[in-house]
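Structure first, commentary second.
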Amino acid sequence: MASSLNLSVLLVAVVFAFVRFRLNINDENLVYEILIFNKSIVKQRIFPEDINQLKFTRVGWAKKGAKIKVKKGINVRLAVLEPPKAYDHLIEFAKKHDITIVKTKDYLILERMK
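Just so you know, we're using the numbering used here here: the sequence shown kicks off at 25 and counts up by one.
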């Protein structure tokens with residue numbers, strides 16, 4: 025019993041070790057994907073008219089994060105985008121499409137630290 029539980033926990037840990045998230049910022053939409061072993065299992069295309077706001081926050085001690093709040097469906101949480109310039113591209117996308125941008129005080133502190 026205990027060994028099958030240990031094996032199950034180990035299997036879940038190995039699978040989660042290979043989970044990746046990808047965000048592509050295009051001119052007319054955002055594409056958010058969840059990948060396991062580099063195979064896309066969830067792909068969400070988000071158009072500007074479907075977005076209520078982009079909220080930029082601090083994650084952890086000194087990392088940036090963002091949340092895409094959509095009108096219908098599940099909000100997308102972005103933690104520690106690579107490269108860090110991706111946040112600037114996301115802000116440009118929001119400005120181009122007149123999407124509300126909210127930056128927390130902690131996020132503004134991180135911006136000043138650049």
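Ideal Cβ placement from N, Cα and C applies to all residues, glycine included.
In this text, all values refer to a predicted model and were calculated from it rather than measured experimentally.
Check	Outcome
Alpha-carbon spacing of residue 68 relative to residue 37, whole angstroms	25 Å
Within 8 Å, strictly: CB atoms of residue 103 and residue 126	no
Rounded straight-line distance, which links the Cα of residue 72 to that of residue 93	11 Å
Contacts around residue 96, its chain only, beta-carbon distance under 8 Å, and the 5 residues preceding and following it disregarded	74
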